[in-house]
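Report on one structure; see the data block that follows.
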Amino acid sequence: MRFLLTVTLVAIIAFTSAQKDGMMCSFCVTIISNTQAAFGSDIANANDLELLRYFREECPRYAVKSAMMAAECEYLVSEHPLVLFRDLRAGKEPVDTCTDCQSC
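This is the structure in structure tokens:
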């Protein structure tokens, strides 16, 4: 009985973690898509400072929708700025950028 309870708890924890990871991936894809739409074709020529300013202004705005979405935005900028900015300028698909930033 104890074994069954342990296995059930592990499964629930794994499922919850997978849901959270899926949600963060979805948030990331939304953030990247919004950024690409905001810059349009000019994103290819955006420098790091322009992108950083954009995110510093936009990340707090995501808190209106979701605190977790705002946290994901901050995570992308603070933990993976070089990869994020490189992928944005290269025009990569949002899910590929999020995978490169370890959000998917």
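Per mature numbering (1 follows the signal peptide of the UniProt record, and there is no 0), the sequence shown runs over residues -18 to -1, 1 to 86.
Backbone N, C-alpha and C fix where the C-beta goes; we use that ideal spot for every residue, glycine too.
Source: prediction; values computed, not measured.
C-beta contact flag for residue i and residue j at 8 Å
i   : j   : result
T79 : I14 : yes
E54 : F9  : yes
M6  : S85 : yes
Buried versus exposed, by CB contacts within 10 Å (16 or more), residue i
i   : result
V11 : buried
F67 : buried
D69 : buried
T17 : buried
A52 : buried
Heavy atom of the ligand COA within 7 Å of residue i beta-carbon
i   : result
K47 : Ligands are entirely absent from the displayed structure, and the ligand COA is therefore not among its contents.
Residue of the options minimising C-alpha distance to residue i
i   : options               : result
E56 : Y36, R71 and K74      : Y36
D30 : P76, V65 and A49      : V65
S23 : K74, E39, M50 and S48 : K74
A19 : R71, T81, C83 and D82 : R71
Exercise. How do the region 40 to 53 and the region 61 to 74 stand: do at least 3 beta-carbon pairs fall below 8 Å, yes or no?
Worked result: Touching, no, given that fewer than three Cβ pairs across the two stretches are closer than 8 Å.
Exercise. Which runs of the alpha helix (DSSP H) spanning at least 4 residues fall entirely within the region 8 to 49, listed in chain order?
Worked result: The region 8 to 49 is shown to contain whole alpha helix (DSSP H) runs of 4 or more residues at 30 to 40, in chain order.
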